[in-house]
Amino acid sequence: MKKNILIAVLFASTSAFGQQAAKNSDFAFRLYSEMKATPGNIIVSPNSISEAMAMVYSGAGGTTKEQIAKTMGFNMNFCKHFKSFKTVNNSLAKTKSVELYRANSIWVESTFRPKNSFIRKNTKLFGAAIFKTDFLNNANKSRKDINLWVEGNTKNRIMDLLPEGSIDNNTRMVLVNSIYFYGSWETAFSPKATQKETFNSPSKPIEVNFLHANGEYQFNETEDYKIVEVPFKGSEVVLLAFLPSETAGMTSLEAQLSPEFVKQASANLKKAHIDLKLPKIKLETESVRIDKHLATMGMPLAFSSDADFSGISKNQDLQIDKIFHKAFLEFTEEGAEAAAATAVIISRTAINPKDALRFWANRPFIFLIWDKTNNVILFMGRIETPNA
Numbered sequence: 001m002k003k004n005i006l007i008a009v010l011f012a013s014t015s016a017f018g019q020q021a022a023k024n025s026d027f028a029f030r031l032y033s034e035m036k037a038t039p040g041n042i043i044v045s046p047n048s049i050s051e052a053m054a055m056v057y058s059g060a061g062g063t064t065k066e067q068i069a070k071t072m073g074f075n076m077n078f079c080k081h082f083k084s085f086k087t088v089n090n091s092l093a094k095t096k097s098v099e100l101y102r103a104n105s106i107w108v109e110s111t112f113r114p115k116n117s118f119i120r121k122n123t124k125l126f127g128a129a130i131f132k133t134d135f136l137n138n139a140n141k142s143r144k145d146i147n148l149w150v151e152g153n154t155k156n157r158i159m160d161l162l163p164e165g166s167i168d169n170n171t172r173m174v175l176v177n178s179i180y181f182y183g184s185w186e187t188a189f190s191p192k193a194t195q196k197e198t199f200n201s202p203s204k205p206i207e208v209n210f211l212h213a214n215g216e217y218q219f220n221e222t223e224d225y226k227i228v229e230v231p232f233k234g235s236e237v238v239l240l241a242f243l244p245s246e247t248a249g250m251t252s253l254e255a256q257l258s259p260e261f262v263k264q265a266s267a268n269l270k271k272a273h274i275d276l277k278l279p280k281i282k283l284e285t286e287s288v289r290i291d292k293h294l295a296t297m298g299m300p301l302a303f304s305s306d307a308d309f310s311g312i313s314k315n316q317d318l319q320i321d322k323i324f325h326k327a328f329l330e331f332t333e334e335g336a337e338a339a340a341a342t343a344v345i346i347s348r349t350a351i352n353p354k355d356a357l358r359f360w361a362n363r364p365f366i367f368l369i370w371d372k373t374n375n376v377i378l379f380m381g382r383i384e385t386p387n388a
């Protein structure tokens with residue numbers, strides 16, 4: 001019988017890192033492509049999922065390792081590759097005006113003995129804290145303890161990451177990565193300009209508060225979409241918002257999304273005077289399962305009884321059971337706040353103005369919170385219903 005590992009991720013230069021960042025961006029858009037058929041809002045942190053899976057990857061072997069590497073865009077040389085995570089984290093941490101906080105932890109069943117080499121890799125490269133817990137006899141308390149840890153490391157923005165029943169006495173390990181972001185807009189929106197207007201969601205028009213500003217922004221417009229870049233104060237982190245034209249629609253825009261598309265679209269931006277309206281957003285997604293998406297993307301072996309996690313334990317009895325992801329996003333007059341969480345469960349397997357150009361986001365749009373310097377997508381998604 002296989003034992004379970006749960007990985008929870010809450011919602012990164014040298015030339016080598018630049019290449020890796022490009023692979024991470026490619027993963028982000030491939031994941032979005034898998035998720036886009038889901039109706040409603042999508043908020044996801046590809047960077048968070050990558051870091052959680054990187055901790056898992058450090059214990060993978062054989063074909064399992066190869067599949068994870070190909071799906072996630074990881075280098076087969078673990079140490080060389082994952083030092084890049086530390087490089088970008090340090091780079092982002094130096095940006096004082098943008099708050100970006102990460103934390104990693106590994107929760108181990110008290111009777112389970114992972115390899116020392118696995119623990120060393122994750123403590124050294126990811127700063128993971130190690131906790132012993134009693135999945136065997138008190139799985140629900142362990143689940144609550146992990147959720148409390150998540151809440152504390154996301155300023156209470158991610159609550160109840162792991163739903164009831166997600167952990168049981170087959171769980172042997174839970175790996176958790178959390179990410180919290182807050183950035184002040186370079187130019188704040190005036191609260192006096194905020195007012196209710198109509199947002200045309202797919203189901204029906206709804207009244208929501210809109211942030212409103214007239215000012216200089218990087219902007220471009222094509223027949224298919226408009227794009228605007230809203231910078232955060234004192235950093236190279238920006239909000240990119242894509243608004244599909246009413247004739248082309250969201251489906252057409254989503255079909256084009258790729259690293260190359262975003263690179264070209266951002267390269268064509270020019271400073272212009274923009275009448276900017278963004279919905280005032282406060283959204284928290286449910287804990288969603290993304291394990292099926294990752295399996296479909298090319299790593300099914302990791303979720304099967306044939307998985308090879310020999311780098312975690314000498315016993316060939318571990319597999320990924322489930323992966324949960326949860327995210328939070330808020331746009332206010334002062335800035336944007338975001339957090340995300342993913343949980344991967346590796347378990348014991350059972351047998352079986354007048355002249356201004358307009359960017360009015362009054363219908364569904366796509367957003368990216370993007371670190372331009374490191375070419376890292378911290379968060380991305382689609383807003384169909386603000387404040388749903």
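full-length UniProt numbering numbers the first residue of the sequence shown as 1 and each following residue consecutively.
Where a beta carbon is used, it is the ideal one built from N, C-alpha and C, also for glycine.
Everything numeric in this text was worked out from a predicted model, so none of it was measured.
- prompt: Do you know offhand how far Asn352's Cα is from Leu276's?
  reply: No answer about Asn352 holds up, because its pLDDT of 45 lies below 50 and its placement is not dependable.
message: DSSP three-state label for Lys141, please.
response: helix
message: Please identify the residue among Leu240, Ser178 and Thr63 whose C-alpha is closest to the C-alpha of Ala340.
response: Ser178
query: Which residues in the same chain as Ile377 place their Cβ atom closer than 7 Å to its Cβ, once the five residues preceding and following it in sequence are excluded?
result: Ser25, Ala28, Pro46, Asn47, Leu368 and Trp370
task: Identify, in the order they occur along the chain, each residue of the same chain with its Cβ nearer than 8 Å to the Cβ of Phe219, setting aside the five sequence neighbours on each side.
output: Lys226, Ile227, Val228, Glu229, Leu269, Lys270, Lys271, Ala272, Ile274, Leu357 and Phe359
- prompt: With a Cβ-Cβ cutoff of 7 Å, do Pro364 and Glu337 count as a contact?
  reply: no
- prompt: Relative to the alpha-carbon of Lys292, which residue among Leu31, Ala22, Ala21 and Gln195 has its alpha-carbon at the smallest distance?
  reply: Leu31
task: Specify the secondary structure class of Leu368 as computed by DSSP and reduced to three states.
output: strand
query: Can you check whether the CB of Ser287 is closer than 7 Å to the CB of Phe232?
result: no
field: Span separating the alpha-carbon of Ile119 from that of Gly127
entry: 10 Å
message: Using C-beta distances below 8 Å, list every residue in its chain close to residue 392, excluding the 5 sequence neighbours before and after it, in chain order.
response: As shown, the chain starts at 1 and ends at 388. That puts residue 392 outside it, with no answer to give.
For Ala54 and Ser347, the rounded distance between their alpha carbons: 18 Å
- request: Determine contact between the stretch 131-142 and the stretch 105-117, defined as no fewer than three beta-carbon pairs at a distance below 8 Å.
  value: yes
message: Restricting to Cα atoms, I'd like to know which of Gln319, Val237, Ala193 and Lys155 is closest to Glu186.
response: Val237
message: If you reduce the DSSP assignment to three classes, tell me which class His212 lands in.
response: strand
message: Can you tell me where the beta strand (DSSP E) holding Asn177 begins and where it ends?
response: Thr171 to Ser184
query: Residue range of the alpha helix (DSSP H) that Asn116 falls in?
result: Asn116 to Phe126
message: On a Cα-Cα basis, can you pick out the residue from Asn375, Ser304, Leu318 and Ser310 that is closest to Asn116?
response: Ser310
- prompt: What is the DSSP secondary structure of Ala327, reduced to helix, strand or coil?
  reply: strand
query: If you check the beta carbons only, do Ala213 and Phe189 fall under 7 Å apart?
result: yes
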